[in-house]
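S.K.: Chains W and B, in that order, give the protein sequences. Per our numbering, the first sequence starts with residue 1124, numbered consecutively. Per our numbering, the second sequence starts with residue 313, numbered consecutively. Note that beta-carbon positions come from the ideal geometry of N, C-alpha and C, so glycine has one too.
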Amino acid sequence: MPKREDIKKILIIGAGPIIISQACEFDYSGTQACKALKEEGYEVILINSNPATIMTDPETADRIYIEPVTPETVIKVIEKERPDALLPTLGGQTALNTAIEVAKTGILKKYNVEMIGASEEAINKAEDRELFRDAMNRIGLRIPKSGFATNMQEVEAVSKRIGFPIIVRPAFTLGGTGGGVAYNMEELNRISKSGIDASLIHQVMLEESVIGWKEYELEVMRDHADNVVIICSIENVDAMGVHTGDSITVAPAQTLSDKEYQNLRDASIAIMREIGVDTGGSNVQFAINPENGDIIVVEMNPRVSRSSALASKATGFPIAKIAAKLAIGYTLDEIPNDITGETLACFEPSIDYCVVKIPRWTFEKFPEAEDVLTTAMKSVGETMSIGRTFKEAFQKGLRSLEIGRAGFGGDGKDPLPGSVTGNELEYKLSTPNSQRLFYIKYAIEHGMPITMIYELTHIDPWFLNQMKQIVDLEKQIKLAGKDLPRDLFEKAKKYGFSDRQLGFLTGLTDKKIEQDRKALGIVPVYKLVDTCAAEFRAATPYYYSTYETECEARVSDKKKVIILGGGPNRIGQGIEFDYCCVHASFALREEGVESIMVNSNPETVSTDYDTSDKLYFEPVTREDVLHIVEKEKPFGVIVQFGGQTPLNLATDLQKAGVPIIGTSPDSIDRAEDRDLFQEMLKKLGLRQPENGIALSLDDAFKVARDIGYPVMVRPSFVLGGRAMKIVYDEKDLAEFFDLAVQASPDKPVLIDKFLEEAFELDVDVISDGEKTVIGGMMEHIEEAGIHSGDSACVLPPYSISKTHIDEMADAARAIAKELNVKGLMNIQFGIMNDKVYIIEVNPRASRTIPFVSKAIGIPLAKLATKVMLGKTLDELGFTKEIIPPYYCVKEAVMPFDRFENVDPVLGPEMKSTGEVMGIDKDLGAAVAKAQIAAGQKLPTEGTVFISVQDKDKDKALPIVRKFHSMGFTIMATRGTAQFLDENDIPTKIVKKVSAGRPHVVDAVTNNEIQLILNTGASSQTQRDGYEIRRAAIKYKIPYATTTDGARAICSAIEALQKETLSVQTIQDYHRENNHV
Amino acid sequence: MKALLALEDGRVFPCRSFTGPGEAKGEVVFNTSMTGYQEILTDPSYYGQMVTMTYPLIGNYGVCPEDVESDRVQVAAFIVKEYQDFPSNYRSRGTLADYLIKAHVLGIEDLDTRALTRHIRKSGAMRAMISTSDLVPDSLVERIKQIPLMLGSDFVGKVTTKKPYFWKYNQPDYIDAAKLDDPLIWHHRGKKHSVVALDFGIKYNIIRSLEKAGCEVLVVPARTDAKTILQLNPEGIFLSNGPGDPEPLTYAVDTIRQLLNVVPIFGICLGMQLLGIAMGGKTMKIKFGHRGANQPVKNLSTGRVEITSQNHGFAVDLNTIGKDQSVMTHINLNEDSLEGLKNDTIRAFAVQYHPEASPGPHDSVYLFNQFAKVIKDAKA
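1) Beta carbons nearer than 9 Å to chain W: which residues of the stretch 387-399 of chain B have them?
2) To the nearest angstrom, how far is the alpha carbon of A1146(W) from that of V1503(W)?
3) Using the rule of at least 16 other Cβ atoms within 10 Å of the residue's Cβ for burial, across every protein chain shown, is K2034(W) buried or exposed?
4) Do I1353(W) and S1391(W) have their CB atoms nearer than 8 Å?
5) Under 8 Å, Cβ to Cβ, is there at least one residue of chain C near R1511(W)?
6) Can you tell which of F683(B), P555(B), F600(B) and P533(B) has the C-alpha that lies nearest to the C-alpha of T567(B)?
7) Rounded to the nearest angstrom, what separates P1691(W) and T1506(W) at their Cα positions?
8) Helix, strand or coil: which one does DSSP assign to R1284(W)?
9) Quick one: Cα of E1491(W) to Cα of R2170(W), how far?
10) Please go through the same chain and pick out, in chain order, the residues whose beta-carbon is closer than 8 Å to the beta-carbon of G1935(W), but skip the five residues on each side of it.
11) Here's the rule I'm using: 16 or more other beta-carbon atoms within 10 Å means buried, otherwise exposed. How should D424(B) be labelled?
12) Using the C-alpha atoms, what's the distance from L1799(W) back to L1820(W)?
13) Among the candidates L679(B), Q350(B), E351(B) and M365(B), whose CA atom is the shortest distance from the CA of A525(B)?
14) If you draw a straight line from the C-alpha of S2142(W) to the C-alpha of P2031(W), how long is it?
15) Flag P356(B) as yes if its beta-carbon sits less than 8 Å from any beta-carbon of chain W, otherwise no.
16) Using the DSSP secondary-structure output, state which residues sit across from G1404(W) in a beta bridge.
17) Using 8 Å as the threshold, is the C-beta distance between L711(B) and I658(B) below it?
18) Buried or exposed: which applies to V1495(W), given that a residue is buried once 16 or more other Cβ atoms fall within 10 Å of its Cβ?
19) Mind listing, in chain order, the continuous alpha helix (DSSP H) runs of no fewer than 4 residues lying wholly within the stretch 556-592 of chain B?
20) Under the three-state reduction of DSSP, which class applies to A538(B): helix, strand or coil?
21) Using a 10 Å radius around the Cβ and a threshold of 16 neighbouring Cβ atoms, would you call K1977(W) buried or exposed?
22) Taking a contact to mean a Cβ-Cβ separation below 8 Å, would you say P1288(W) touches S1332(W) in this structure?
23) Tell me, please, whether the CB atom of T1995(W) is closer than 8 Å to any CB atom in chain B?
24) Reducing DSSP to helix, strand and coil, say where I1923(W) ends up.
25) Assuming P1788(W) is part of the alpha helix (DSSP H), what are its boundary residues?
26) Could you tell me the distance, in whole angstroms, from the CA atom of D1381(W) to the CA atom of T429(B)?
27) According to the Cβ coordinates, are L1992(W) and S2174(W) closer than 8 Å?
28) In chain order, what residues of the same chain lie with their CB nearer than 7 Å to the CB of D1361(W), ignoring the 5 residues before and after it?
29) What is the residue span of the beta strand (DSSP E) that Y477(B) lies within?
30) In whole angstroms, what separates the C-alpha of A2057(W) from that of E1190(W)?
31) Which ranges does the beta strand (DSSP E) cover as unbroken runs of at least 3 residues, wholly within the stretch 1319-1400 of chain W, from first to last along the chain?
32) If you draw a straight line from the C-alpha of V565(B) to the C-alpha of F626(B), how long is it?
33) How about V363(B): is its C-beta nearer than 8 Å to some C-beta of chain W?
34) Between which two residues does the alpha helix (DSSP H) harbouring H2087(W) extend?
35) Beta-carbon separation of I1135(W) and G1164(W) under 8 Å?
36) Kindly list the residues whose CB is nearer than 7 Å to the CB of A1615(W), restricted to its own chain and excluding five residues on each side of it in sequence; keep chain order.
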């Protein structure tokens, strides 16, 4: 059937900020969908609060609302835009939930808006556990047996029905606290008791345990003619019990015979039909009992998902794009398969390689959180790798992760053989954790039989044997040493060993290995991802490397540029950098230069097969990049957009003769290297906080004494403020110094005077080497000392004098000129006691580039790319800073609800996973939008609880007074209350946690507090503050941990009290810039 | 053990045998199914062919006695990228290597199977040899010329059953050929449809599927003549799949012609090609065949698309049918080729693909029920 003509205008809901379990895969899906619908001639309306997305680029959709993804916003947009249809299946769980809320209000009926893709009924059937159970039973499938209990009698009754082992899940607690697995009645009683206590509603759910069962996922698509196809099967290496987002997964399924696979296929199709997903993609998860093949349906998601993004990248089949086309009436047999160009989307991809996805965790950011993996997802990113064998893909994946490992061990980072044994080893195997893979290696080396490792890990022996083959080959390589015979050399490369591993194992340098290897003619070839296992000719050049005989890379003689991507998302390096890489690719296309993307992150737009002219899905390491460079012989390589990952390779690549375009690696070095940097600032007459470097602790003491405490301590060459801290005394310094050294070994530790209570600004500029234009100045809401990635900020600045602004602009221009910047540069300034300080200079794309680009309506990364190709800013027509006549507020989104025991305070180490943007003419309203978009439910009345450190009291006073005048009741603990009373603010007194009950946390629990202002250093000893902040997270009470943050919230609430927030498209905002 | 695969056009692939020493010859083809290697190995349609699996890791779930499609391994040799010697699956009863060794079938690995696949795609399925003893390319290529061409050869004689059988306890229950003149041979006459299946290389799952659809199946050798068959008073005739070129199978075509319009007929794969010839059509060899489990086929009467399992190197020429009242019922969406035909007036229909799957999707099982219905309607 052709596309629907009865709908013209389609509203799409985006996923909002990047959070754990909802990352840039939804930008990838959303962008594909927007493009597909626009291509078909529909008017596309989009709501998404995340500025770092390609989907919120003004070209991606016709009318884009960068507004909070909430039912209220959606309703306003519907009232304003009157769309014909709402497509809720592309923005993750957020969009689905929001759409359901909106539907409940009746607004869709009122305005005759049709929900397309999945109906309200289908979504409810898939999401509601009981409805889902009934649906599965109707088609002869089952989900784990379960029941609820509120007392011990009920626990016993339910347990009889289920049988042991039983999982106990307290209802309504965060991160599953108080739950566990019970293997007998005694354990069940104990765990249930504590679970019922922990639950907010004193209820536990008891569920049949399928822990240790094999876990599979199928990606399914259905059109309205009821054609159903399976795009990909995925097998989880980690068994049930570990969230699929935290599992290493493999595509296609490896250990299913055809009979079993077809059973899952039949089940998936039956589920699609029963749930009633009319059109689009869904993900179905199964657990299979390894003993007898019993199948349980774990869940189904009637929308695109993280797994569907992975499946799209793994097979070449663009699920989101096709889902969008199905939603508007096409059937699968009417849509061409882009990759082959000659076949249709109505088929099931066959792949002739093995795909491995490995999650990337950042437990190092949250030292208080235990490195244990459970059914709640904790990873912040992932890599995907492709190889012709599992072993090859697995090792490529590990070196893509950038966790300092060059593969599956054998890289000099393993602990001494025999040093990990006994209980430690068994514990690390039986308790899933981020390092478990490596413990499997140690267990194999230790001689532990595969059967035993299986018993401890429940990881299928097939995977364990693959790992053993790698370990066995490692032994052979070690044995052969410097005289590595050709056969073994070649086999090692086929097993995915990197040159670095081979260097370590043979005792040769990486360089020598590389030379020997090339002399032997052992070089990788590139094969195509073609959806069809070579049955048809593929049109789209999407490549991966492997060690085989035939190379399929079609190397053109056009002028071409390679863009190095950022690898897996992590805190500090995420979607913002991918955004820049994608823009680089767009710019190259506009300039008629062939664009070649290299990246290993399956969640991204950059790894979409049609973003660039060519895609190499490869680890972003020196070895892997050089191979591509040697094959493609590009005109240039861009390293300044992908974050620290490609930047760290810049010098090595340049040494190997690779033409780096844009700002030179030397200039990058001049900004990174303390001495060179200082020299430059001195030369330019600019000021920086007093500082020094230390290679030893004694050095550090001396430097700190000279400068005077407090000082900021940090390692060089890391992104996101990893291991960065403000240190107030020698004891702190000693403690922290070791951490800093670990984070960046062999590099000096940097010590700066900390600018206490200073204003901080981020300034992004673009320069062509001659001319420099300010892209945007952002004033941080939080004072200096909070990592810029975690700090809320406002563009344009709202409290900085013109003199200072001019001074900063001049400084930026001088630095850009001095460093001969060709492209982007970010500078952080601090203003203390009326003096401007340069805190940091980064001659590369910064995290704020997408935000600034959205704010001013100029695609800075795109312009920067053209500058790198030789264009001047004059030629590009960007010669003057744009200062918008509205406020843009960026707010960070924190993952604290995912990590138990972590104190949710901000500091110099970045912890946020994502960001949102709030735009409004009124600063308060813009802050309010940003806060709401970030998930804070700001109250307009009720009680504000205040607890501040002594040093903050004076700053807090006017804010509290304001809250009081706005009609809020003020509540405080005795000390603060006294201070407020003395200042004529009536205050309700509440006990500290340590002062007995009922205390402040009880008040939070009882819903007596609507807003919390709590400042305090993060230290476990300050238990009280910690308890309050954790309670705020648990009960989702908005809170501020800095007085500046509180002031911003105050202004936001003031705006909310005045009137309801308006909505306006980014295109309309940008139009206002043109009239300035 | 080192081995060499040579193709008749001179291209060679050094590789390794994972089943010990040996030599093999045949036509080299590729299959794009990612699961189901044991079903493929035992599918009689692969007789005389060396099958390359495009999925690189093979052997993962071992072998299992229930997953066979005939009583032996049928392929001439098995070609994979990386053989997996540590199977893991609760149903597994042994390794693939042991299974092949026992069947005296050569298995090779460690070659660029994607390059081989692309070569076949571009140059067509061709004759080839594998040897672990003769590793000299020229010599091996020379010897390939002695392999008979598939075109024009009768391979059915090599795979068809020697004795007739019924299906009992999920396996053949052989009977004496002499009994074929007994019309009371059926055990479930009246309760189940009595179907005679002409075995050109039938897959067990076809028999299972027919039985599930309410048929009692009597499998008879390919050369069983129409007179014998009609004596049995069957209510339906099934024409099975099988290896090779349909053109030389004139005896089968004769038989089918005599059965046409007498008893309802259902054919699969080679069965469809033979039916096509019997109805006046022509067949042709296609370049590299369809072998896999992901071929989209559109049912023209319902408009629905079925993902189908396929295994054929010959096809009925679309342009040669329709002279009588036969019509196209199914079409291949990848290349608009003929996938199904029927002639309602003589109650005959057939498909080119494999509704019995095994390996592959179950989307087309309805055809067996359709056959049962045709038989039922004919009886009424």
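M.R.: In this structure, then:
1) Residues are counted here when their Cβ sits less than 9 Å from a Cβ of chain W; for the stretch 387-399 of chain B these are K393, E394, Q396, D397, F398 and P399, given in chain order.
2) Rounded to whole angstroms, A1146(W) to V1503(W) spans 8 Å at the Cα level.
3) Counting Cβ neighbours within 10 Å, K2034(W) comes out buried, since at least 16 surround it.
4) Contact check for I1353(W) against S1391(W) passes: the beta carbons are separated by less than 8 Å.
5) Absence of chain C from the displayed structure is noted, the protein chains being W and B.
6) Nearest option by C-alpha distance: P533(B).
7) Roughly 5 Å separates the two Cα atoms.
8) Taken through DSSP and simplified to helix, strand or coil, R1284(W) comes out as helix.
9) A direct Cα-Cα distance of roughly 29 Å separates E1491(W) from R2170(W).
10) According to the sequence as given, residue 1935(W) is Ala; it is not Gly. Excluding residues within five positions, the ones whose Cβ falls inside 8 Å are V1886, V1888, T1895, I1897, M1948 and I1950.
11) By the neighbour-count rule (16 or more Cβ atoms within 10 Å), D424(B) is buried.
12) Cα to Cα, L1820(W) sits roughly 23 Å from L1799(W).
13) Taking only the C-alpha atoms, the option nearest A525(B) is L679(B).
14) Model confidence at S2142(W) stands at a pLDDT of 47, short of 50, so the residue's coordinates are unreliable; what they give is reported in the following sentence. So the two alpha carbons sit approximately 15 Å from each other.
15) It does not; no Cβ of chain W falls within 8 Å.
16) G1404(W) is bridged by DSSP to M1344(W).
17) Because chain B spans 313 through 692 in this model, residue 711(B) falls outside it and cannot be assessed.
18) V1495(W) is exposed by the Cβ-count criterion.
19) Scanning the stretch 556-592 of chain B from its first residue to its last, the whole alpha helix (DSSP H) runs of 4-plus residues come out as 562-571 and 582-590.
20) Reduced to three states, the DSSP call for A538(B) is helix.
21) K1977(W) is buried by the Cβ-count criterion.
22) Cβ atoms of P1288(W) and S1332(W): closer than 8 Å.
23) Answer no: the Cβ-Cβ gap between T1995(W) and chain B never drops below 8 Å.
24) Residue state, collapsed to three classes: coil.
25) Per DSSP, the unbroken alpha helix (DSSP H) holding P1788(W) starts and ends at P1788 to E1795.
26) Taking the straight line joining both Cα atoms gives about 22 Å.
27) No. Outside cutoff.
28) Correct list, in chain order: S1370, I1371, P1555 and I1582.
29) Y477(B): member of the beta strand (DSSP E) spanning Y477 to K480, first to last residue.
30) Rounded to whole angstroms, A2057(W) to E1190(W) spans 11 Å at the Cα level.
31) For the stretch 1319-1400 of chain W, whole beta strand (DSSP E) runs of length 3 or above, ordered along the chain, are 1327-1331, 1337-1345, 1351-1359 and 1372-1374.
32) Roughly 16 Å between the two C-alpha positions.
33) No, because no Cβ of chain W sits closer than 8 Å to the Cβ of V363(B).
34) Note, H2087(W): alpha helix (DSSP H), K2076 to S2088.
35) Between I1135(W) and G1164(W), the C-beta spacing is not below 8 Å.
36) Cβ within range, chain order: L1596, I1600 and L1625.
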